[in-house]
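Heads up: the sequence shown begins at 3 in our numbering, then just goes up one per residue. The C-beta atom is built at its ideal place from N, Cα and C for all residues, glycine as well. Quick caveat: nothing in here was measured; it's all calculated off a predicted structure. What follows is a short report on a single structure.
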Amino acid sequence: MKVAIVTEWITDTGGHERVVNQLHQAFPDAPIFTATYEPGKSKTFSRADVRTSWMQKLPKPLRKHQLLTIPRQWYFGGLKLRGYDVVISTGSGEAKATRAPDGMHINICYTPTLQYWVKPDNYLKKGSDGLNIVWRTGLRLLLPYVRWWDKRAAQRPDRMLAISEAVQERIKKFYERRSDLLHPPVDIERFNEDGNQSRDGFIIVGRHVGHKRIDLAIRACNELGKKLVVIGDGPATPRLKDMAGPTIDFKGHVSDEKTAQLLARAEAFLFPNEEDFGIVAVEAQAAGTPVIAYRAGGALDIVEEGVTGEFFDKQTPESLMEVIKNFNYKLYNHQSIIQNAARFSNDNFQAKIKAIVKDSQKRI
Numbered sequence: 003m004k005v006a007i008v009t010e011w012i013t014d015t016g017g018h019e020r021v022v023n024q025l026h027q028a029f030p031d032a033p034i035f036t037a038t039y040e041p042g043k044s045k046t047f048s049r050a051d052v053r054t055s056w057m058q059k060l061p062k063p064l065r066k067h068q069l070l071t072i073p074r075q076w077y078f079g080g081l082k083l084r085g086y087d088v089v090i091s092t093g094s095g096e097a098k099a100t101r102a103p104d105g106m107h108i109n110i111c112y113t114p115t116l117q118y119w120v121k122p123d124n125y126l127k128k129g130s131d132g133l134n135i136v137w138r139t140g141l142r143l144l145l146p147y148v149r150w151w152d153k154r155a156a157q158r159p160d161r162m163l164a165i166s167e168a169v170q171e172r173i174k175k176f177y178e179r180r181s182d183l184l185h186p187p188v189d190i191e192r193f194n195e196d197g198n199q200s201r202d203g204f205i206i207v208g209r210h211v212g213h214k215r216i217d218l219a220i221r222a223c224n225e226l227g228k229k230l231v232v233i234g235d236g237p238a239t240p241r242l243k244d245m246a247g248p249t250i251d252f253k254g255h256v257s258d259e260k261t262a263q264l265l266a267r268a269e270a271f272l273f274p275n276e277e278d279f280g281i282v283a284v285e286a287q288a289a290g291t292p293v294i295a296y297r298a299g300g301a302l303d304i305v306e307e308g309v310t311g312e313f314f315d316k317q318t319p320e321s322l323m324e325v326i327k328n329f330n331y332k333l334y335n336h337q338s339i340i341q342n343a344a345r346f347s348n349d350n351f352q353a354k355i356k357a358i359v360k361d362s363q364k365r366i
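Shown next, in the form of structure tokens:
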């Protein structure tokens with residue numbers, strides 16, 4: 003069986019790259035087609051057959067993915083991967099436009115593109131997560147066109163896989179087609195704590211941008227005088243530090259090993275944003291830590307209320323505070339929380355995508 007993997011870009015070591023890496027682990031001989039590749043210090047794809055587009059030859063300042071939306075549409079819209087039995091595209095942008103004339107095209111959809119369909123206002127308003135006025139103006143002018151193009155591209159895959167039930171609903175609403183569920187892989191194997199150690203305070207992990215709603219966690223813990231460890235950084239870091247009280251501890255960017263240790267020492271992981279899935283929330287559970295999440299998005303796939311965590315219903319400090327005030331981590335079975343996280347392991351993801359590919363072969 004000849005397989006190809008397609009994705010918009012590989013420029014970091016985040017959740018997107020982890021999905022691509024697990025596809026590479028499942029199909030090590032499959033070439034990876036992408037617009038741009040910036041390995042940096044990461045050796046994740048050092049042995050992979052990564053094939054880049056003409057955009058890779060642009061000067062590095064021009065290879066930023068925010069600048070290349072239209073060029074990527076041209077590239078992936080014209081990409082015909084002949085001779086492959088299965089083409090697996092993954093992402094939330096243009097890769098789904100790829101054609102597979104001789105086989106089955108399976109798309110793993112993280113979400114219908116957020117800035118086009120789900121939360122355009124988050125990207126169009128002034129001060130939106132550090133986006134400059136040129137980018138916002140371009141999006142505003144091009145929004146009708148990119149929506150038309152994106153919906154048309156979403157019809158090309160023979161089969162779509164959504165990473166959460168919330169994404170399934172978006173695919174049905176915006177792309178008007180059905181999808182199957184395939185949760186993304188999480189590297190739970192690096193969490194080897196027993197989950198039952200002494201814990202103190204709360205923790206939140208993520209890039210410091212507006213839509214992550216780290217401000218809610220800080221305001222709630224400020225008001226209650228609760229300890230909060232904040233991991234990560236970003237354009238909103240100065241603003242978040244200005245609002246933080248004496249119980250808020252900013253750790254900045256820390257290693258995966260240190261993050262695992264800090265997660266295992268927290269009473270609960272705070273998850274106040276609406277995410278497409280929520281890999282860090284699963285990582286917290288892999289450390290035996292319950293999750294307090296906003297009742298929306300991918301958190302609904304991850305948290306079992308009263309068993310692996312709790313929900314709050316409004317994105318306000320008051321709603322989050324109400325849950326924190328009544329929260330007691332000793333009431334949770336930490337081994338049950340760890341077992342719940344095992345559902346999202348790398349091994350499970352690989353087994354499922356291999357089964358999907360095998361099933362797709364029968365349909366050709």
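C-alpha gap between ASP408 and THR291, whole angstroms = Because residue 408 is not part of the residues shown, which for the chain are 3 to 366, the question remains open.
ask   = Within the chosen definition, does the segment 55-63 reach the segment 34-42 through at least 3 CB pairs nearer than 8 Å?
value = yes
ask   = Which residues bound the alpha helix (DSSP H) around PHE35?
value = Taking the first residue of the sequence shown as 1, we reach residue 35 at position 33. Looking at the DSSP string, PHE35 is not in any alpha helix (DSSP H); the run it does join, the beta strand (DSSP E), is 34-39.
ask   = Does the distance from the CB of ILE206 to the CB of ALA219 come in under 8 Å?
value = Within the sequence shown, residue 206 is the residue found at index 204, counting from 1. Within the sequence shown, residue 219 is the residue found at index 217, counting from 1. Yes, the Cβ-Cβ distance between ILE206 and ALA219 is below 8 Å.
key: Assigned secondary structure, THR54 (DSSP; H/G/I helix, E/B strand, else coil)   = One-based indexing of the sequence shown puts residue 54 at position 52. Residue state, collapsed to three classes: strand.
Environment of GLN117 [buried if 16+ CB atoms lie within 10 Å] = For the purposes of this step, residue 117 is taken as the residue at position 115 of the sequence shown. Burial call: buried.
ask   = Which word fits MET3, buried or exposed, when buried means at least 16 other C-beta atoms lie within 10 angstroms of its C-beta?
value = Along the sequence shown, one-based indexing puts residue 3 at 1. Exposed: under 16 other Cβ atoms inside 10 Å.
task = Could you please give the first and the last residue of the uninterrupted alpha helix (DSSP H) stretch that includes PRO266?
result = Within the sequence shown, residue 266 is the residue found at index 264, counting from 1. Per the sequence shown, the amino acid found at residue 266 is Ala instead of Pro. Run containing ALA266: 258-266, per the alpha helix (DSSP H) assignment.
inquiry  = I'd like to know if the segment 322-337 and the segment 346-366 are in contact, where contact means that at least 3 CB-CB pairs between them fall below 8 Å.
reply    = no
key: Per-residue DSSP class, three states only, for VAL211   = For the purposes of this step, residue 211 is taken as residue 209 along the sequence shown, with counting starting at 1. The answer is coil: DSSP assigns VAL211 none of H, G, I, E or B.
task = Would you mind working out which of LYS214, SER347, PRO114 and SER181 sits nearest TRP151, comparing C-alpha positions?
result = In the sequence shown, counting from the first residue as 1, residue 151 sits at position 149. Ranking the options by Cα distance to TRP151, first place goes to PRO114.
inquiry  = Classify GLN68: buried if its beta carbon has 16 or more other beta carbons within 10 angstroms, exposed otherwise.
reply    = Here residue 68 corresponds to residue number 66 of the sequence shown, with the count starting at 1. Label assigned to GLN68: exposed.
inquiry  = Can you tell me whether GLY79 sits near the ligand SAM, meaning its C-beta is under 7 Å from at least one heavy atom of the ligand?
reply    = Annotation note on the ligand SAM: not contained in the displayed structure, which lists no ligands.
task = Check TYR177 in the structure and name its three-state DSSP category.
result = Taking the first residue of the sequence shown as 1, we reach residue 177 at position 175. Looking at TYR177 - three-state DSSP - the assignment turns out to be helix.
query = What did DSSP end up calling GLY280 once you bin it into helix, strand or coil?
reply = Your numbering for residue 280 matches position 278 in the sequence shown. Here GLY280 sits in coil by DSSP.
MET3 - DSSP class collapsed to helix/strand/coil = Working through the sequence shown from its first residue, we reach residue 3 at position 1. It is coil, neither helix nor strand.
task = Would you mind giving the Cβ-Cβ distance between ILE2 and LEU25, rounded to the nearest angstrom? I have them listed as a contact below 8 Å.
result = What the structure shows of the chain is the stretch from 3 to 366, and residue 2 is not part of that stretch, so it cannot be assessed.
request  = Decide if HIS336 is buried, meaning its Cβ has at least 16 other Cβ atoms within 10 Å, or exposed.
outcome  = Taking the first residue of the sequence shown as position 1, residue 336 is located at position 334. HIS336 should be labelled buried.
key: Own chain partners of ALA343 with C-beta closer than 6 Å, once the 5 adjacent residues on each side are dropped   = As a position in the sequence shown, residue 343 is number 341, starting the count at 1. Cβ within range, chain order: ILE190, VAL284, GLN287 and ALA288.
request  = Taking only runs that begin and end inside the segment 70-134, name each unbroken alpha helix (DSSP H) of 4 or more residues, in chain order.
outcome  = 71-79 and 122-126
Nearest-angstrom Cα separation, counted from VAL305 out to PHE176 = Taking the sequence shown and counting its residues from 1, one reaches residue 176 at position 174. Taking the sequence shown and counting its residues from 1, one reaches residue 305 at position 303. Approximately 26 Å, taken between the alpha carbons.
inquiry  = Could you tell me the alpha carbon to alpha carbon distance between ALA50 and GLY308, rounded to whole angstroms?
reply    = Here the question's residue 50 lines up with position 48 in the sequence shown. Here the question's residue 308 lines up with position 306 in the sequence shown. Computed Cα separation, rounded: 43 Å.
task = Kindly indicate the opening and closing residues of the beta strand (DSSP E) around ALA270.
result = As a working note, residue 270 is residue 268 in the sequence shown. Segment 270-273, the beta strand (DSSP E) holding ALA270.
request  = Return the chain-ordered list of same chain residues with a C-beta closer than 6 Å to the C-beta of GLU312, the five sequence neighbours on each side being excluded.
outcome  = Against the sequence shown, residue 312 aligns to sequence position 310. The residues are ILE294 and VAL325.
query = For GLY311, which of helix, strand or coil comes out of DSSP?
reply = Here residue 311 refers to the residue found at position 309 of the sequence shown. Strand at GLY311.
ask   = With respect to the beta strand (DSSP E) encompassing ALA295, which residues constitute its N-terminal and C-terminal limits?
value = The count along the sequence shown starts at 1 and reaches residue 295 at position 293. Here the beta strand (DSSP E) through ALA295 covers 293-296.
request  = Within 10 angstroms of the Cβ of SER200, are there 16 or more other Cβ atoms? Answer buried if so, exposed if not.
outcome  = Indexing the sequence shown from 1 puts residue 200 at position 198. Result: exposed.
task = Inspect the beta-carbon positions of VAL2 and VAL21 and report whether they are closer than 8 Å.
result = What the structure shows of the chain is the stretch from 3 to 366, and residue 2 is not part of that stretch, so it cannot be assessed.
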